[in-house]
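K.L.:
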Amino acid sequence: QVQLVESGGGLVQAGGSLRLSCAASGSVTSIKVMMWYRQAPGKQREWVARISSAGSLNYADSVKGRFTISRDNAKNTVYLQLNSLKPEDTARYYCNIRDSVGDYWGQGTQVTVSS
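Under this note's numbering, the first residue of the sequence shown is numbered 1, with each subsequent residue one higher.
(1) Around the Cβ of L11, are there at least 16 other Cβ atoms within 10 angstroms (buried) or fewer (exposed)?
(2) Whose C-alpha, out of V101, K75, N83, is nearest the C-alpha of A24?
(3) Does DSSP put D103 in a helix, in a strand, or in coil?
(4) Using the beta-carbon count (16 or more within 10 Å), is V48 buried or exposed?
(5) Just list the residues that DSSP pairs D72 with in beta bridges.
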């Protein structure tokens with residue numbers, strides 16, 4: 001059993017920054033990829049960023065240049081630095097981790113950007 005706990009969300013003004021964290025605990029084995037998704041009210045969940053076990057990075061066009069994904073392998077933790085936030089970034093942010101056994105999701109952390 002793997003548990004993911006996200007933290008770091010909150011209310012911020014446009015142009016501000018937040019840092020999200022997602023810590024994996026339990027029977028985590030050989031993490032392959034760690035990702036962030038987000039879901040705004042009334043919209044489908046969308047992929048935001050990805051970091052592979054080799055460290056390669058990918059971003060959705062909507063966040064490229066503003067968000068940075070990173071990971072701490074020793075802590076089984078993935079981070080998402082959100083800079084230059086816009087009101088349209090308002091959403092619940094979820095981390096997703098895939099290891100050699102399964103595919104796991106956290107409960108999400110809310111990010112609200114005021115204009």
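Even for Gly, the Cβ is constructed at its ideal location relative to N, Cα and C.
P.N.:
Walking through what the data contain:
(1) So L11 counts as exposed.
(2) In this structure, K75 is the residue among V101, K75, N83 with its C-alpha nearest to the C-alpha of A24.
(3) strand
(4) buried
(5) T77
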